[in-house]
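The sequence shown begins at 122 in our numbering and counts up one residue at a time.
Just so it is clear, CB atoms sit at the ideal spot from N, CA and C, and this is done for glycine as well.
What follows is a set of notes on a single structure, which appears directly below.
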Amino acid sequence: MIRLHHLNSSRSQRILWMLEELDVPYELVEYQRDSQTLLAPAALKQVHPLGKAPVLEDGERVLAESGLIIEYLGQRYGQGRFCPPADSDEYWTCRYWLHYAEGSLMPFLLLALVMKKMSEAPMPFFIRPVAKTLAGKVVENFVQPNIRRHLGWVEQHLTNRSWFAGDAPTLADFQMSFPLDAALQRAASADDYPAIAGWLRRVHARPAWQRAESRGGAFKVL
């Protein structure tokens, strides 16, 4: 049986959603972040040396990295669902967004989080103003312009589209769910990106997403 190692409010939420869409039996092993550091518990390192989620076990096979897990589940259990026909335009569109999520969009969202934590971290009083100013300038002049540029590109793609690569969810939608949820929760306003917001509403309305939240907890980006 499939076993998913799931960390609350993490990238593993999209794997939970996909498993529920596939309607395959699986065991859920849950982990909670440290309330102060927000890091995963050390117990995850017993499953995979990097100690990050998601990790998927399928028999003797142990897989990490969301994109790989999504591709694996689609190929092994999808039975033709969630992946457009090979070499069609939709197929390559799907593959593009599957790689874009972590390769292009997430680095700026992660940097925004790092700058936020940096400005809030305990430090000597005489350093705090310098650190906050530095973090603010990095966010203002580099991070936010790049986030807006990327969200504008995603918004353009989703305008007049229900899903990323066709008329139904594909691997790309699973992979893009985390960064877009994260973006509209902590880095941008839904009012500025109506197509992205509409896409997220469609994702959240799916029974499989709701079952995933019921099993793994409500998804909130920390």
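Check this for me: beta carbons of Leu149 and Arg336, under 8 Å apart or not? Taking 8 Å as the Cβ cut-off, Leu149 and Arg336 qualify as a contacting pair.
8 Å CB neighbourhood of Lys253 in its chain, flanking five on each side removed: Here the set comprises Ser240.
Run through DSSP, which three-state label would Arg182 get? In the structure shown, Arg182 sits in a strand (DSSP, three-state: E or B).
For a cutoff of 8 Å on Cβ pairs, would you count Phe285 as touching chain C? The structure shown contains no chain C; it is built from a single protein chain.
Check whether the region 202–210 and the region 157–169 touch, using three or more Cβ-Cβ pairs below 8 Å as the test. No, the region 202–210 is not in contact with the region 157–169.
Are the CB atoms of Val275 and Leu232 nearer to each other than 8 Å? No. Outside cutoff.
Taking all protein chains shown into account, do 16 or more other C-beta atoms lie within 10 angstroms of the C-beta of Lys238, making it buried, or fewer, making it exposed? Sixteen is the threshold: since fewer than 16 other Cβ atoms of the shown chains lie within 10 Å of the Cβ of Lys238, the residue is exposed.
Looking at the secondary structure, which residues open and close the alpha helix (DSSP H) in which Arg336 lies? It spans 328–337 - the alpha helix (DSSP H) in which Arg336 sits, taken as one unbroken run.
For Gln200 and Met236, the rounded distance between their alpha carbons: Pairing Met236 with Gln200, the inter-Cα distance amounts to about 43 Å.
What are the boundary residues of the alpha helix (DSSP H) that includes Val275? Note, Val275: alpha helix (DSSP H), 265–279.
According to the neighbour-count rule (16 or more other Cβ atoms, all chains shown, within 10 Å of its Cβ), is Leu226 buried or exposed? With 16 or more neighbouring CB atoms inside 10 Å of its own CB, Leu226 falls in the buried class.
Ala286 and Trp218 closer than 8 Å at C-beta: Taking the C-beta atoms as reference points, Trp218 is found nearer than 8 Å to Ala286.
How would you call Arg270, buried or exposed, if buried means at least 16 neighbouring beta carbons within 10 angstroms? A residue is called buried once 16 or more other Cβ atoms fall within 10 Å of its Cβ, and Arg270, having fewer, is exposed.
With H, G and I counted as helix, E and B as strand and the rest as coil, what does DSSP make of Tyr314? In the three-state reduction of the DSSP assignment, Tyr314 falls in the coil class.
Could you check if Ala163 is buried or exposed, using at least 16 other CB atoms within 10 Å of its CB as the buried criterion? Under this definition Ala163 is an exposed residue.
Does Lys341 pass the burial test, meaning 16 or more other C-beta atoms within 10 Å, or should it be called exposed? Its Cβ having fewer than 16 others within 10 Å, Lys341 is exposed.
Considering only DSSP beta bridges, list what Leu125 is partnered with. Note: Leu125 sits in a beta bridge opposite Leu149, Leu177.
Val302, buried or exposed, once every other Cβ within 10 Å from all chains shown has been counted against 16: According to the sequence provided, residue 302 is Asp. The question's Val does not apply to it. For Asp302, the number of other beta carbons within 10 angstroms of its own is at least 16, and it is reported as buried.
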